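Report on one structure; see the data block that follows.
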Amino acid sequence: MAILIECEDCHNFNDMKKSSYIIVVRHAGYVICYNAFTNTLLCVSNNVYQAFEELDAVNFKMKYEKHYSAFLQNGFYIDDERNELDEIRFNYKQEAFGHNRNFRLMVFPTQDCNLKCWYCYENHKPNTKMEHVVMENVIRYASNVIAKVEIESFVLSFFGGEPLLFFDEIAYPLSVRIKKMCDESGIRFTTFFVTNGTFVTKENIKLFQEINSVFQITLDGCREKHNMVRIQKRQNLPTYDKIIESLYLISENVETTVDDQMVTLRINYDNQTLKKIGELVNDIKGLDRRKFLIHFERVWQTQDSSEDENQKLLLLNAVRLFIQNGFIVNIGNFKNRNVSCLAENHNFAIINYDGLVYKCNGRTLSPDYAEGKLLDNGTIEWNRTALARRLGKSTFENPMCLKCKMLPVCMGPCSQKCMELNWQNLHQVCSLKSIGMSLDNYLTQRAEQVFVAKQLKE
Ligand code: SF4
Ligand code: SF4
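So for the sequence shown, the working numbering puts the first residue at 1; every next one is plus one.
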């Protein structure tokens, strides 16, 4: 029911109501209130929460003025005229099909890799490498975008295979040339490397700074565990010490040019990994915490164990250990977003080493599934049938997601998973499965992070 109150922002009387995306977690002595629409958390006492729940906004404000302001500023109270679901739909359409000022392009310099992690979903193609003619077409494509579309930022991502296999020959020169065009047009330019981290060296570290690099680098737990999984193809050599060295090289030599953390340190874990995770924490204690985000990801072949209570507890304890050591931790994929995945953005392209174009890097790129082709004039010839199959439906327009309070930070299962399930039985790929713990514990550890971060600052 709508309530007549004075809105502090506009100093007018407006009808106000509560957000539809509030989730509450009760603890002894306090209550965590999460608003998924604004992606904000507030912790309040039981008494305050009870009043928030029971009183109308006028009386809540009279009783708890400071708390009322916090609830209002963080979108727990909203203007009655607003329809949050309409806004979600509008933002989705704008980002998926409209003019996007933050342009992103992904390039695969190769589908080859120097490691042989057993769980990798990619079918590596040995000795593949982007040829000069395709590189020039990528430059022409970027040049067309910069000339024709009004953009504020350009993020050039590199994926593979291992994209740093050809850093000197492909990734670096491509980045330098596109950065130059962006600089001349006043566009913020960043590179993003999803890399195994084995090719970051004392010799090339400064070059990453030059092209404003951010990274995702993966470890598989402590030295012993990691070295059983992430091994070199040649001679089965271990990689743990080299990757740790790379993390320190980045930490000490590359200054961040982005608002968020510069390195996502992804920790892939199976049922054993987290038991000895303390050893890894010890090895990375000297890293600059401002630059690193720890992200936990279950090895997808062990996904069935994510419902096991012991596994949930192991993950929660591991997350808490990193938090207590001053790291920012992320699990799952919930964040402020307008689309489920970049793949839903109609102009997002992944250009493979051979010039074929794809939308999804979560599956092996293979010519049968290409969704377009990069032409010599620097344009992409998209396969409209394939695009319609992927983008014709919205990922969240289904009964399960429309009634879900996490919708604004999720936007439904990605288009790839929806297509693979023929847009049916989507509960099988609900994003809540990826957090590896209950939603209550997920929100609690997020609240703990805010609390610890505040304590560390004081
Ligand atoms: S699998 Fe889904 S989330 Fe992953 S890249 Fe593909 S579309 Fe995006
Ligand atoms: S995929 Fe799951 S978490 Fe995401 S909006 Fe749908 S129901 Fe909610």
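Backbone N, C-alpha and C define an ideal beta-carbon position, used for all residues, glycine too.
Predicted model only: the values in this text are computed from it and were never measured.
For residue i, the residue or residues it bridges with in DSSP
i, result
"E381", "K373"
"M106", "S157 and I350"
"N330", "H295"
"L265", "I217 and I294"
"L280", "Answer is none; L280 lacks a bridge partner."
"L115", "Q232"
Coil, strand or helix - residue i by DSSP
i, result
"K417", "helix"
"A447", "helix"
"I5", "With a pLDDT of only 39 at I5, under 50, the local geometry of the prediction cannot be trusted, and no value is derived from it."
"C10", "Because C10 sits at a pLDDT of 43, beneath the cut-off of 50, its placement in the model cannot be relied upon, and the point is left open."
"D304", "helix"
"K17", "strand"
"I146", "helix"
"F192", "strand"
"Y121", "coil"
"V452", "helix"
"V357", "strand"
"P238", "strand"
"I151", "coil"
"I231", "strand"
"L365", "coil"
"C341", "coil"
"V254", "coil"
"Q50", "helix"
"H132", "helix"
"D440", "helix"
Where the beta strand (DSSP E) containing residue i begins and where it ends
i, result
"I211", "From DSSP, I211 is part of no beta strand (DSSP E); its letter is neither H nor E."
"V44", "T40 to V44"
"N35", "Y30 to N35"
"R82", "Premise fails: R82 is in no beta strand (DSSP E) and is neither H nor E."
"I23", "I22 to H27"
Within 8 angstroms, strictly: CB atoms of residue i and residue j
i, j, result
"V339", "M400", "no"
"D354", "V134", "yes"
"I267", "G221", "yes"
"L41", "Y34", "yes"
"R101", "E152", "yes"
"G436", "I331", "yes"
"F154", "I187", "yes"
"K179", "I211", "yes"
Reference residue i, options the options, closest by Cα
i, options, result
"F167", "K276, E371, R101 and T198", "T198"
"N114", "P238, S19, A51 and K206", "P238"
"Q261", "I217, N227, E279 and V229", "I217"
"L342", "V329, Q272, N361 and I328", "N361"
"R389", "C414, F292 and L402", "C414"
"L314", "F159, E87, G278 and I294", "G278"
"T110", "V450, V194, D304 and E307", "V194"
"N39", "K373, M181 and F334", "F334"
"F322", "E397, D112, I139 and V452", "V452"
"Q94", "Q424, N345, R289 and D440", "N345"
"D15", "Y21, Q301, D56 and F215", "D56"
"E81", "Q445, Q416, S19 and D376", "S19"
"T201", "Y240, E131 and Y248", "Y248"
"N47", "F37, Y64, Y358 and N253", "Y64"
"L287", "A171, L85, I328 and A142", "I328"
Where the alpha helix (DSSP H) through residue i begins and ends
i, result
"Y77", "No alpha helix (DSSP H) holds Y77; the beta strand (DSSP E) holding it covers Y77 to D79."
"V58", "A57 to K63"
"E309", "E309 to Q324"
"V176", "Y172 to E184"
"F400", "According to the sequence as given, residue 400 is Met; it is not Phe. P399 to L402 is the extent of the alpha helix (DSSP H) around M400."
Contact with chain B by residue i, beta-carbon distance below 8 angstroms
i, result
"S45", "The structure shown contains no chain B; it is built from a single protein chain."
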